[in-house]
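Have a look at the structure below before the remarks.
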Amino acid sequence: MALLPTGFGKSLIYQLAPIVAGHLVTSPGCPDRLKTANFPIVIVLSPLVALINDQVKAARRLGLTAVSLGDASAEELRDVVRGKFQLVFGNPETWVLSSKWRDMLRSEVYQDNLLGLVVDEAHKTPAWGEAVSRGGAPFRTCFGRVSELRSLCKYGTPVLALTASAELPTRKDIVRLLSMNSDTTFVEANPDRPNIRLGVVRVKGSDLSCLDWIVTGLKEQQTSFPKVIIYVRSFNNIGAVFGHFKRALGDAAYVGKKHSTNRLFAVYCGETLSDKKEHVMQTFVSCPDSTARVVIATTALSMGVNFPDVKYVVIYGPPESMEDIMQEVGRAGRSGEQSHAVIYSFSLSQCSKAVSQYVRSDKCLRIMLYDRFQAKPTTKSIDPGHLCCSNCHKTCKCDSSKCKEPLPSTECKVEAEETEPSLKRSVSDHQRDILREALYEYRDSLVHSNSKLLISFDLTTGFSHDLIKHVLDKCEYIFTPAYVESHLPVFGGDQAQVIVDIVRKVFDEQLDIDSMLEFVQKEFAANPLIFSNQDQLLATFTSSSDSSGDDVSSDDIESSESDQYDVDTCTYSSDDSDE
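In my numbering, the protein residues as written are 5 to 583.
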């Protein structure tokens, strides 16, 4: 298992493997295991399409033969079976669910030539391959079944797990799920990235003024402004941040003609159409002088992809885990120049205890972050302190008795103190179950079964599975719409009021499940909430839209509510019956 920092060059390990093996085969000291490998092959399992495409392109630039099972031509797929590619990429679903590829691993070609299996971004193996709670379902079951592939390969075929962000418990889970031996070799390096200054600023969740330094920079510098990635935690926040930039910049949001391809900021999330994702990857990632200087993204843009010139990473709302922070921070500073990563902290309800402690701490943020990812902690604070983190800046004395450096623009924000809710009710498991049923009954009532949606169910209604989970987690504190709006990912006051009404029926009137469902059907089914209107939802993303009608709309967002995975074509397809 290789535990190496972001930007370290982990991909070179498997890129070099077939070249080195090719030389060893003809040498006198060739290991017995490699003597049959006349055309060495490495199989790479990666979690995301964008990551796979980036890896294939990188390998081809080095002169290697590489292919992705997800977008290969018919002839290329035949060549995969014949063993004509040095590197074969695919996601776990492709390899685990397809009998064609499982049978191929047992073929003579692969028994003789396969050097090993590589599991990239291996920290996602337990995170996605196992249920996060008792009775729940894994996010992507096949991540927990990767070890099945090892049983199909020649005995002794090694597996390499690559990651930049696996804490000690996660490492043990990776070893277990990949059926690695107890004597697995661990290779690790200090994950510290000294050229990245770390910062935490507490803000109010509804206050987007913390991003105004970006607005000012875009207005003044346009395409000369350094590149920024803004990571958000929900689709609702994507809309909020996008709308803030659109309103604040106005016509200055565009370079030339008002069209999405000429906009200074873009969106990248799991629901963005593939051609829009490709445009972001080709311009923001590959072109130093691209028009897009800011990308508003979810974690879909945080793993593995090499961003050579991102100077600022903004994490708007604390992530769920320290591993997420590690991944997202690591997108900055790949060029080696001084860079910044800042967390704007609000609403800690959905993050881990470790993240909550991290964003509240007055200790060195660098040591707190990077030491978690080392078996033997060796991280040190950077001197002078103003280059280390926001906490060390406060105690920096680089100019004899004080610090001569002002706060960076990323942190010039009045911090908001977080307060605990003053009201709290006790909630039984039975009451929580009734609330869950009522929320899903309400969710189903928002769109008629025969409706054809432009975009996914979650985005059309604004009442997502994630929102329901938030309500269930925070129902002890839900008494007013104001609390819901400030602590849960809702679109507005009307939606917050509905949630409060349903919660009150469960806890104040203590309705049983049948009475509760009857109330929901009678109260809401005949009068779906505002977000059953797709045009109004899209207005969230296109406030002050220009006549071209671009921005985040049905062109920018694709449906995922009913996606089905096709193991033959290695793609996800939409089931129209649900849309």
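Backbone N, C-alpha and C define an ideal beta-carbon position, used for all residues, glycine too.
| Query | Result |
| --- | --- |
| Cα separation between Phe-147 and Pro-323? | 21 Å |
| Assuming Arg-206 is part of the beta strand (DSSP E), what are its boundary residues? | 200-206 |
| Can you look up Tyr-316 in the DSSP assignment and give me helix, strand or coil? | strand |
| Would you check if there are 3 or more beta carbon pairs closer than 8 Å linking the stretch 213-228 to the stretch 406-417? | yes |
| Please go through the stretch 287-362 and give each complete alpha helix (DSSP H) segment of 4 or more residues, from N-terminal end onward. | 326-333 |
| What first and last residue would you give for the beta strand (DSSP E) that runs through Ile-233? | 231-236 |
| Nearest by alpha-carbon distance to Asp-433: which of Cys-407, Tyr-444 and Leu-476 is it? | Leu-476 |
| Does Asp-216 get closer than 8 Å to chain B when you measure Cβ to Cβ? | Of the chains in the structure shown, none is chain B; there is only one protein chain. |
| Give a yes or no on contact between the stretch 63-80 and the stretch 122-129, applying the rule of three or more CB pairs nearer than 8 Å. | no |
| Quick check on Val-271: does DSSP put it in helix, strand or coil? | strand |
| Alpha carbon to alpha carbon, how far is Val-24 from Val-100? | 28 Å |
| Measure the C-alpha to C-alpha separation of Ile-478 and Leu-471 and round it to an integer number of angstroms. | The sequence shown places Lys at residue 478, not Ile. Going from the Cα of Lys-478 to the Cα of Leu-471 covers about 11 Å. |
| From which residue to which residue does the beta strand (DSSP E) around Ala-131 run? | Note, Ala-131: premise wrong, no beta strand (DSSP E); alpha helix (DSSP H) at 128-133. |
| List the residues that DSSP assigns as beta-bridge partners of Glu-192. | Leu-7 |
| Thinking Ile-3 and Arg-335 are a contact (beta carbons under 8 Å), I'd like their distance in whole angstroms, please. | Outside the shown range of the chain (5 to 583) lies residue 3, about which nothing can therefore be said. |
| Look at Val-346 and Val-245 and say whether their C-beta atoms are less than 8 Å apart. | no |
| Just to confirm, are Glu-327 and Glu-134 a CB contact at a threshold of 8 Å? | no |
| Could you check the C-alpha separation between Ile-300 and Ile-17 for me, to the nearest Å? | 31 Å |
| Got a sec? Which residues, its chain only, sit under 7 Å from Met-372 by beta carbon, not counting five neighbours each side? | Tyr-362 and Ser-365 |
| Judging by CA-CA distance, which residue of Lys-176, Leu-8, Asp-58 and Phe-190 is the nearest neighbour of Thr-129? | Lys-176 |
| Please report the distance separating the alpha-carbon of Thr-98 from that of Ser-394. | 44 Å |
| May I have the straight-line CA-CA distance separating Pro-9 from Gln-514, to the nearest angstrom? | 52 Å |
| For Ser-353, which residues in the same chain have their Cβ closer than 8 Å to its Cβ, ignoring the five residues on either side in sequence? | His-474, Asp-477, Lys-478 and His-491 |
| Roughly how far, in whole angstroms, is the beta-carbon of Thr-295 from the beta-carbon of His-283, given that I think they are within contact range, below 8 Å? | Not really, about 10 Å apart at Cβ, beyond 8 Å. |
| In the DSSP output, what is Cys-393 paired with across the bridge? | Leu-202 |
| Buried or exposed: which applies to Ala-379, given that a residue is buried once 16 or more other Cβ atoms fall within 10 Å of its Cβ? | exposed |
| Under 8 Å, do Cys-402 and Pro-388 count as touching if we go by C-beta distance? | yes |
| Going by DSSP in three states, Gly-120 sits in which element: helix, strand or coil? | strand |
| Keeping to the same chain, check which residues put their C-beta closer than 8 Å to that of Ser-356; ignore five residues upstream and five downstream. | Glu-324, Ser-325 and Met-326 |
| Thinking Ile-56 and Val-92 are a contact (beta carbons under 8 Å), I'd like their distance in whole angstroms, please. | Not quite, the Cβ-Cβ distance comes to about 11 Å (not below 8 Å), so this is no contact. |
| In whole angstroms, what separates the C-alpha of Lys-315 from that of Met-307? | 17 Å |
| Check Leu-91 in the structure and name its three-state DSSP category. | strand |
| Please classify Glu-562: is it buried, with 16 or more other beta-carbons within 10 angstroms of its beta-carbon, or exposed? | Residue placement at Glu-562 is flagged as unreliable, the pLDDT there being 34, under the threshold of 50; the coordinate-derived value follows with that caveat. Its Cβ being crowded by 16 or more others within 10 Å, Glu-562 is buried. |
| Considering only residues of the stretch 42-85, which uninterrupted alpha helix (DSSP H) runs meet the minimum length of 4 residues and lie entirely inside it, listed in chain order? | 53-65 |
| Taking C-alpha atoms, which residue in Pro-162, Asn-95 and Leu-109 lies nearest to Arg-144? | Asn-95 |
| Quick one: what's got a C-beta closer than 6 Å to Ala-270's C-beta in the same chain, skipping five residues either side? | Val-284, Ala-296 and Val-299 |
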